[in-house]
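For the first sequence, this note's numbering begins at 3 and goes up steadily by one. Note that the Cβ used here is the ideal one computed from N, Cα and C, for glycine as well. This report refers to the structure that appears directly beneath it.
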Amino acid sequence: MMLARTMNDVGDDDYSRVRDAIAFMSQKWRAHPDIETIAAHVGLTPKQFHDVFRRWAGLSPKDFLAALTLDHARKLLRDGANLFDASLELGLSGPSRLHDLFVTHEALSPHEFRKGGEGLVLSYGFHPSPFGEALVVATARGMAGLGFVDGARQHGLADMQARWPAARLVEDQDLTAPYAGRAFQPELWQAETPLRVVLIGTDFEVSVWETLLTIPMGQATTYGRIASKIARPRAARAVGAAIGRNPISFVVPCHRVLGQTGALTGYHWGLTRKQAMLGWEAGQCM
DNA sequence: AGGGCCCATCGCA
DNA sequence: TGCGATGGGCCCT
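Here it is as structure tokens:
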């Protein structure tokens, strides 16, 4: 417990700087603050600031911030206009070639969790991640939840418990640790050893989450396009609600869904974290 | 079975 | 901007 806590503090240090920088930028973008100003605000010299970003995402602060502009988001959406046509072709050639983090998934039928996950036993554990301390939830069949801790761990746990009120959550770090390790290390994303994921939701929710899994890293789409993809072109808002209930954040990449205009619109774990994920992925793609 | 309410949307004036 | 249509999920009757 104490050991995990210490490791996490160290691992979190870069992210906390990045997070503060994003938050500062979001407030002050009208004034066009330069790199030196942002570095000073988060308590670093420009050199230290630069090093933090290189270490954390593999790119410079300048490139990172460029990846978060509205212009960049719009370009991403233009380039990805026929993204689902392309991924359909890929999907037909391989059963689970989903997302760069190769994932195999299965869905629990509504029958199996009718009363809010009654009879389900879920293991959970807390682990360091590039986006703050992560809370991983898993069954014997695969990863079922991924959230983040802001403040007390108890809050993160309550968030997961609320998704399956009748399930029993049991702490088991040994079971969840491999999932946390895999999810955040792109060099471990291999087709030969896909990450097993269990999607627990209604038919509609599962179809939305499956669509999310086909969005490649570094790309983005909109709520409306997902609605069209699942043959419900007017259900963009329902899609938004379903995405908001995605239990396996990051792995099921709901952060790659933007509003029609390229605006971030929303994120269950905070818009700052959504920006951090998009910027981090921009670094992984270079 | 059906009404009311919430929601990370969207398009149009 | 602001507003109304929209569809799914959930809770209540």
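- Note that the segment 53 to 61 does not touch the segment 187 to 200; fewer than 3 beta-carbon pairs, one per stretch, sit closer than 8 Å.
- Look at the beta carbons and you see the segment 118 to 125 touching the segment 165 to 181: at least three pairs across the two are nearer than 8 Å.
- Within the model, the alpha-carbon separation for Ala240 versus Arg234 is close to 10 Å.
- Contact check for Pro132 against Gln286 fails: the beta carbons are separated by 8 Å or more.
- Taking 8 Å as the upper bound for CB-CB distance, Leu67 and Met27 are in contact here, some 6 Å apart.
- Per DSSP, Ile202 is one residue of the beta strand (DSSP E) stretching across 197 to 202.
- A residue is called buried when at least 16 other Cβ atoms come within 10 angstroms of its Cβ; Ser18 does not meet this threshold and is exposed.
- One thing to note: Ala69 has its Cβ no nearer than 8 Å to the Cβ of Leu260.
- In the DSSP assignment, Tyr126 falls within the unbroken beta strand (DSSP E) covering 123 to 129.
- Look at the beta carbons and you see the segment 173 to 186 touching the segment 138 to 146: at least three pairs across the two are nearer than 8 Å.
- The straight-line gap separating the alpha-carbon atoms of Gly119 and Ala146 is approximately 12 Å.
- Between Val254 and Trp191, the beta carbon gap of about 14 Å keeps them out of contact (Cβ cut-off 8 Å).
- In this structure, Gly272 sits near Asp152, with a CB-CB distance shorter than 8 Å.
- Judged by beta-carbon spacing, Arg143 lies beyond the 8 Å limit of Pro249, meaning their Cβ atoms are not closer than that value.
- The alpha-carbon of Gly158 is positioned some 12 Å away from that of His270.
- When the alpha-carbon of Leu148 is set against those of Pro167, Leu266, Ala185, the nearest one is in Ala185.
- Buried is the label assigned to Lys231, since at least 16 other Cβ atoms lie within 10 Å of its Cβ.
- Ranked by Cα distance from Ser251, the options Gln262, Ala265, Arg227, Leu215 are led by Leu215.
- Here His257 is actually not in contact with Ala182; their C-beta atoms are around 17 Å apart, not less than 8 Å.
- In this structure Glu207 touches Arg247 by the C-beta definition: roughly 6 Å separates them, less than 8 Å.
- In this structure, the beta-carbon distance from Ser62 to His52 falls below 8 Å.
- Judged by their CB atoms, Gly82 and Thr223 are nearer to each other than the 8 Å cut-off.
- Excluding five sequence positions before and after Lys64, the CB atoms of its chain that fall closer than 7 Å to its own CB belong to Ile37, given in chain order.
- Taken through DSSP and simplified to helix, strand or coil, Thr216 comes out as coil.
- Judged by DSSP in its simplified three-state form, Met288 adopts coil rather than helix or strand.
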